[in-house]
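Okay, structure first, notes after.
Listed below in structure tokens is the structure:
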């Protein structure tokens, strides 16, 4: 592959690995949208009519609106999948719809199946960038073969869209969490599956932030979803601290946050959330995806080079700083929590996760903290790493009703 992708995109890094592995070519199915871009063997489709909300939406969040089997995509051996459209909410005032992909063993064991709800890392801000549109939609989900062998079902939200095309509530914990919880509710209504109420939440990067917030919000918003464990992998738990430690990450992701917050918070304006030096670049970045089409990440890199210093005007904008602090995942989670961090990560740096874990442990959170030598922001969720086996074992123990050790524990791999 000629072009090196920006390392700050967790899912994109895994898609690169797929290309390098030589996956067979895939063509988008007729009726599922025309290809908008490709890299090597991968194809990204444009959103088609499946993504359009019907005229009369049910008022109830978590209602399944439509579903269909995945066609002409690459899935792990022994896995089948569907895409679903469902209702959700960003907050108590903002209804939305969302698409999720649902993955299950091709040969389903008897009885209700435990659920992993997967929350993906940053792929972009708008709907055209979401993982459900990629021809290998499970990429970025760790331990896929082990999930099939265990007989578990994965429900993977794209996050929600209150208006056609976007943006989604990026680094807005409440909105991310509700989209994930309502995806599980909607998947329960599928005729093809019988789902157990037990759910373990997994998420990486942005999705790690979303997973922690799902643990926070779940008992209040969706008590019918029985969350028995929460896993944050290199989580964007406190984005302000992450940006302080990794200024390059802030330059790329700051415009996404500025637009998202300006759409969902009345006290935030896009033009005031970005520094004047970054405004021209930011207006273009928000419409670009982090992986496909392949020219987008190259353009993002070029745009971030056009200004010095941070993208966001956090130091001069008290409302923006307060909203960022509001979305730190620093509240109690009832379920056991596992945090996994690669020690070679230069996006969510180990120091940022160390600080978050120390703060939550001091607050009394039941938490296991695993550090993995040699893994960076992308490779930590690659298949076959030293994280995979203990992650699946920890998840299986939660499904079995086993209680982890109390307090905070730390383990190095």
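Numbering (the working numbering), first residue to last: 1 to 413. Think of the CB as a built atom: it goes at the ideal place given N, C-alpha and C, for glycine as much as any other residue.
In the DSSP assignment, residue 369 falls within the beta strand (DSSP E) that extends over 367 to 372. Nearest to residue 201 by alpha-carbon distance, out of 156, 303, 164, is 156. Beyond the five residues adjoining it in sequence on each side, residue 268 comes within less than 7 Å, by CB distance, of 261, 262, 319, 320, 323 in the same chain, given in chain order. The residue among 69, 365, 291, 53 with its C-alpha nearest the C-alpha of residue 334 is 365. As DSSP reads the structure, residue 334 sits in no beta bridge.
Residue pairing by DSSP puts residue 113 in a beta bridge opposite 195. Per DSSP, residue 410 is one residue of the beta strand (DSSP E) stretching across 408 to 412. Here DSSP, grouped into helix, strand and coil, assigns residue 152 to coil.
Taken in chain order, the unbroken stretches of alpha helix (DSSP H) that lie wholly in the region 162 to 230 and span 4 residues or more are 173 to 187, 206 to 221.
If you draw a straight line from the Cα of residue 297 to the Cα of residue 128, it is about 14 Å long. Secondary structure note for residue 326: its alpha helix (DSSP H) is the uninterrupted segment 318 to 326.
By alpha-carbon distance to residue 123, the top candidate from 289, 345, 132 is 289.
Between the C-alpha atoms of residue 264 and residue 271 there is a straight-line separation of about 15 Å. Note: residue 103 is bridge-paired with 81, 154 in the DSSP secondary-structure output. The beta carbon of residue 396 sits closer than 7 Å to those of 150, all from its chain and outside the five residues before and after it, given in chain order. Bridge pairing for residue 130: absent [DSSP].
Contact check for residue 171 against residue 287 fails: the beta carbons are separated by 7 Å or more. The way I'd put it, the region 247 to 256 doesn't touch the region 85 to 93; fewer than three beta-carbon pairs between them come closer than 8 Å. Measuring C-alpha to C-alpha distances from residue 175 to each of 148, 95, 330, 246 identifies 95 as the nearest. The beta carbon of residue 274 sits closer than 8 Å to those of 254, 255, 258, 282, 311, 312, 313, all from its chain and outside the five residues before and after it, given in chain order.
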